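A short write-up of the structure that comes next.
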Amino acid sequence: MKTMKLFFGAVVMLAACAAIAAAEPVPVRIGWQTSWATQGQMAMVLKKTNILELNGLRGDFKGFTYGGPLNEGALAGELDVIFTADQPACMLLAKGAKWKIIGRLIYNRVGTIVPPASPINKMADLKGKTVGIPFGAAAQRETLKALKKAGLDPAKDLKIQNIGIYEQVAVIQKGDNNAWPGMDAFSTWDPPLAELALSGKARVLDQGLVTAVIVMSEDFMAKNPGAAEAFLKSYMTAYHYYAGHQQEANAWFKAEARMEAGPEVLDLAASVEPNLKAKTLKAVNISLSAKDIRNIQSAADFIHEQKQAASHLKDVSKLIDLAPLRRAEKALAAEPKDYPSRIKLLP
């Protein structure tokens, strides 16, 4: 009996996905961040190929500079799904937005950097120094955590300034290998983290890993049954395509971001993403592990401690819905072998 129920459940799920594919494409407004690797490559694969169309969706891509404006677009009802880091996602959810985390977007590197010839060799050496940090970004959390681990009190032992990632690059360009004007260190993320290190313009003092997530509007899911799993199926398919076409996806991203970074920069930024080693569609994994969920919870706790949000998300697991992903995985496993061969570049 249990086997029969599972069989009929799978049939119903596949029928729903097939119905979406056969009907008029469902428009989905996708908010992504134009200068952030490697979610930028993923957005470009979805934008430049027919993967969404294969799954009954029509993408409307809306680019944002960073997580703050992206959240504003989500709160204004201008987006259906967003690509974001754990901390901005928690900021959005702490504001009472009716959105759900439905899968893992990417892993991305963040780090604390200093001039290459700086006498600062460990986080404890930053005592009494000035550090530029982009407030509200996940990099802020990781740098402050590393400072505390080194025995420093960020509020008392050093001077912290709110400096965005583009401002950081401008300051670094004005400096030299020994010092940067008015700054001893910066907290940043990829691709600038990789580019500055590989070009010899900065040295990585400390590095952390952030769990970025896919967040979808509950209203969108309610109005479009089956669209969440169709999108996640598309996203997993895009990962498989990206894994086999990394340089092509890098070129698309660089053109869209107007970035001059070499391939080695984007390859280093993507080196922490296990899905780029996936040889088959089945090997792609965008689920959230227990460790990932702990990382997201630490982001929620951090924004509460920093008084960046009025409410405290004490249990982020209640704001995570992986049921659409499980259905998407089953639908992807049921696709015929020629499914990847149907992927085409859009004109």
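Per this note's numbering, the sequence shown starts with residue 925, numbered consecutively. C-beta atoms are modelled at their ideal positions from N, C-alpha and C, and glycine is treated no differently. Owing to the predicted nature of the structure, the values given are computational and were not obtained by experimental measurement.
Point to revise | Same chain, Cβ closer than 7 Å to residue 1119, neighbours up to 5 away in sequence not counted | key: Around residue 1119: 1185, 1189.
Practice item. On the DSSP bridge assignment, give the partners of residue 1024 in chain order. Key: DSSP lists 1140 as partners of residue 1024.
Practice item. Would you kindly work out how many angstroms separate the C-alpha atoms of residue 976 and residue 969, rounded to a whole number? Key: 10 Å
**Study point:** Cβ-Cβ separation, residue 1011 to residue 1061 (assumed contact under 8 Å), whole Å
**Key:** Correct: roughly 7 Å between the Cβ atoms.
Check your understanding: Helix, strand or coil: how does DSSP classify residue 1031 here?
Key -> strand
Check your understanding: Going by DSSP, what residues sit across from residue 1083 in a beta bridge?
Key -> Answer is 1054, bridged to residue 1083.
Point to revise | Residue from 1192, 1006, 1191, 1163 with nearest C-alpha to residue 993 | key: 1006
Check your understanding: Which word fits residue 930, buried or exposed, when buried means at least 16 other C-beta atoms lie within 10 angstroms of its C-beta?
Key -> Interpretation of residue 930 is limited by its pLDDT of 44, a score under 50 that renders its predicted location unreliable; the figure taken from the coordinates is listed afterwards. Answer is exposed; the Cβ neighbour count stays below 16.
Exercise for review: Apply the 10 Å Cβ neighbour rule to residue 1112 and answer buried if 16 or more other Cβ atoms are within range, or exposed otherwise.
Suggested key: Under this definition residue 1112 is a buried residue.
Practice item. Assess, as a yes-or-no matter, whether the stretch 1099-1115 is touched by the stretch 1255-1263 under the definition of 3 or more beta carbon pairs within less than 8 Å. Key: no
Check your understanding: Under 9 Å between the Cβ atoms of residue 974 and residue 1154?
Key -> no
Practice item. Write down the C-beta distance between residue 1151 and residue 981 rounded to the nearest angstrom, noting that I regard them as a contact closer than 8 Å. Key: 7 Å
Review point. What residues are listed by DSSP as bridge partners for residue 1111?
Key: 1036
Practice item. Would you kindly check if the distance between the Cβ of residue 1221 and the Cβ of residue 1191 is under 9 Å? Key: no
Exercise for review: With DSSP as the reference, please indicate the residues paired to residue 1135 in a beta bridge.
Suggested key: 1031
Review point. What are the start and end residues of the beta strand (DSSP E) that includes residue 1240?
Key: First-last for residue 1240: undefined, no H or E at that position.
Check your understanding: To which residues of the same chain is residue 1008 closer than 7 Å at the C-beta, ignoring the five residues directly before and after it?
Key -> 991, 994, 1136, 1137, 1139
Review point. Does the beta-carbon of residue 1180 have 16 or more other beta-carbons within 10 angstroms, so that it is buried, or is it exposed?
Key: buried
**Study point:** Inside the stretch 968-1027 only - beta strand (DSSP E) runs reaching at least 3 residues
**Key:** 981-988, 1005-1009
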